[in-house]
Amino acid sequence: MRHRICHLCPPAYPARLREYRPVMATEDFIGKTALVTGASRGIGHGIALEFLTRGASVTITARKPDAVAEAASNLAAAAGVPTDRVLAVPGNAGRAEDREEAVTRTMERFGSLDVLVNNAGINPVFGPLVEADLDAVRKIFDVNVVAALGFVQLAWQAWQAEHGGAVVNIASIGGLRSTGVIAAYGASKAALIRLTEELAWQLGPKVRVNAVAPAVVKTKFAEALYLDREDEAADRYPMKRLGTPEDVARLVAFLASDAAPWITGETVRVDGGILATGSLA
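The number in my numbering is simply the position in the sequence shown, starting from 1, with 1468 added.
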């Protein structure tokens, strides 16, 4: 028996589904502003470039004035955008006055602060915690955790409390699994992951807060973990390679975008499958 199609009948799926529109990856941040900390090189630089190529205006911060200025120029050239789309603000994420300057200048230049990416981080302590210099450990937590919260507070006060937005914190698989050699760093990233969950609860529904947990990414920051043994390190990953800043940047942009409207409080691994093997590289 042939079935006749009734064009007057209601659809068999909810009307809400018929409202779906795909998000264009090349346009999803047009008219928006992102602030990326620690972005003169490495993962932060890759994240800033991703937002620029997807339409955002971007503020980048880093400690060295010359380095952050050069990075801003390079980012504009790489993204093929006018130089006034990138604002370079030198400063130490661990200093309250530098955080305030970054947010203030962002608002003055671009008029909004839609996306905050807390990428700035340090790791001056290696080896057993019982032998660690406590002042150095405090510095790790101050930059990796307290500074992230400080930036969130400022972004909330300046823009996001009224207009909404997204926060993405750059954590680490070291915050999910003990590593031994970078224990203080890992503990700080575990704290950042918990901070992400608390903020997601407290700032919703206006602001979504998520974290990304990379494994070893090929940057100067992480080169001590793979230098002179990259093939050996990569072989432990199911994907048989180390990560790149682009791997992290694409995930960060997704979590900050309108394509992830019901994702908050999550820590998403971008680790080449290493934790699935039960070990760390």
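From the three backbone atoms N, C-alpha and C, an ideal C-beta is built for every residue, glycine too.
Starting from the C-beta of residue i, find all residues in its chain whose C-beta is less than 7 Å away, skip the five residues before and the five after it, and write them out in chain order.
i: K1708; result: A1702
i: R1718; result: E1518
i: G1642; result: I1650, Y1653, G1654 and K1657
i: A1626; result: V1571, M1575 and L1581
i: V1611; result: A1561, G1562, A1588, G1589 and I1590
i: M1492; result: Summary for M1492: the model assigns pLDDT 45, below 50, so the residue's position carries little reliability; its value from the coordinates is reported in the next sentence. Once the five neighbours on either side are set aside, M1492 has no close Cβ partner at all.
Using C-beta distances below 6 Å, list every residue in its chain close to residue i, excluding the 5 sequence neighbours before and after it, in chain order.
i: A1623; result: L1581 and L1584
i: R1676; result: A1634 and T1732
i: R1751; result: Only positions 1469 to 1749 of the chain appear in this structure, which leaves residue 1751 out of reach.
Name, in chain order, the residues that DSSP records as bridge partners for residue i.
i: P1682; result: V1738
i: S1525; result: T1501
i: P1558; result: A1530
Does the Cβ of residue i have 16 or more other Cβ atoms within 10 Å, making it buried, or fewer, making it exposed?
i: S1747; result: exposed
i: H1631; result: exposed
i: N1541; result: As written in the sequence, residue 1541 is Ser, which differs from the Asn given in the question. So S1541 ends up on the exposed side.
i: T1745; result: exposed
i: S1646; result: exposed
i: Q1628; result: buried
i: D1715; result: buried
i: D1603; result: exposed
i: I1742; result: buried
Check whether the Cβ atoms of residue i and residue j sit closer than 8 Å, and answer yes or no.
i: K1688; j: G1559; result: no
i: I1638; j: N1587; result: yes
i: F1578; j: T1505; result: no
i: A1679; j: V1636; result: yes
With a threshold of 8 Å on Cβ separation, who are the neighbours of residue i within its own chain once the five nearest residues in sequence on each side are excluded?
i: P1550; result: A1544
i: D1601; result: V1593
i: A1564; result: G1618
Is it the case that the CB of residue i approaches a heavy atom of the ligand PLP more closely than 7 Å?
i: T1521; result: This structure does not include the ligand PLP; it has no bound ligands of any sort.
(request) Let me know the beta strand (DSSP E) ranges lying completely inside the region 1581-1648, each 3 residues or longer, listed in chain order. (result) Entirely contained in the region 1581-1648, the beta strand (DSSP E) runs reaching 3 residues are, in chain order, 1583-1586 and 1633-1638.
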